[in-house]
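Residue numbers (UniProt numbering): 1 to 182. Ideal Cβ positions, reconstructed from N, Cα and C, are used throughout, including at glycine.
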């Protein structure tokens, strides 16, 4: 959470249950400023502040790059099953599976039902905030089934990373049961 120095002093409310942060910035911060800010938080009137890379002008290829500002629109799209790898760019195992993830995204895009019903994405959690607060290690892969975005399914990385295992995971856990040929 970087706040430009010209916005000092500032006050931050961090909701640890959702990992969302809310900033109060003003020339001076006093109890008369903080009390209404907290009241607005509990009334649901505040918008969280999210760290985000710039929104891509266009997506290159079938593997979708999610940034903080596009998280809701892409990951929480209730009409599509969304398969996401959360990664840190300094994580060697994360980088090692990117070529496989790209091939998996290509296979999904080549499938008649897959291209209409499934999104394969990746998100750099070092440079972006996500609304998902329970990611503790990398790489993390989760499937957000259409119609059940509040109940994502974790991929167990201990079973290994392969196109076949991801395709089986998608078929068994996605709303649409898309069977991708890999």
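Run the CB neighbour count on residue 115, radius 10 Å, all protein chains shown included, and call it buried at 16 or more, exposed below. As a position in the chain shown, residue 115 is number 115, starting the count at 1. When all chains shown are included, residue 115 counts as exposed.
What are the residues that DSSP puts in a beta bridge with residue 169? Start at 1 with the first residue of the chain shown, and residue 169 comes out as number 169. Looking at the DSSP assignment, residue 169 forms no beta bridge with any residue, so it has no partner.
When you compare each of 145, 43 and 103 to residue 163 by their alpha carbons, which one comes out closest? Residue mapping note: residue 163 aligns to position 163 of the chain shown, counting from 1. Nearest option by C-alpha distance: 103.
In the DSSP assignment, find the alpha helix (DSSP H) that holds residue 134 and state where it starts and stops. Locating residue 134 in the chain shown gives position 134, counting from the first residue. Here residue 134 belongs to no alpha helix (DSSP H), and DSSP marks it neither H nor E.
Is residue 139 buried or exposed, if buried means 16 or more other CB atoms sit within 10 Å of its CB? Walking along the chain shown from the start, residue 139 turns up at place 139. The residue in question, residue 139, is buried, as its Cβ has 16 or more Cβ neighbours within 10 Å.
Given a cut-off of 7 angstroms, decide if residue 174 and residue 81 are closer than it, judged by their beta-carbon atoms. Taking the first residue of the chain shown as position 1, residue 81 is located at position 81. Taking the first residue of the chain shown as position 1, residue 174 is located at position 174. Yes.
Pick from 76, 109 and 30 that is closest to residue 142, judged by C-alpha positions: For this step, residue 142 is matched to residue 142 along the chain shown. The shortest Cα separation from residue 142 among 76, 109 and 30 belongs to 76.
Fully enclosed by the region 5-82, which alpha helix (DSSP H) runs are 4 residues long or longer? 31-42 and 71-75
DSSP on residue 225, reduced to helix/strand/coil? Residue coverage of the chain in this structure runs from 1 to 182, which leaves residue 225 outside it and unanswerable.
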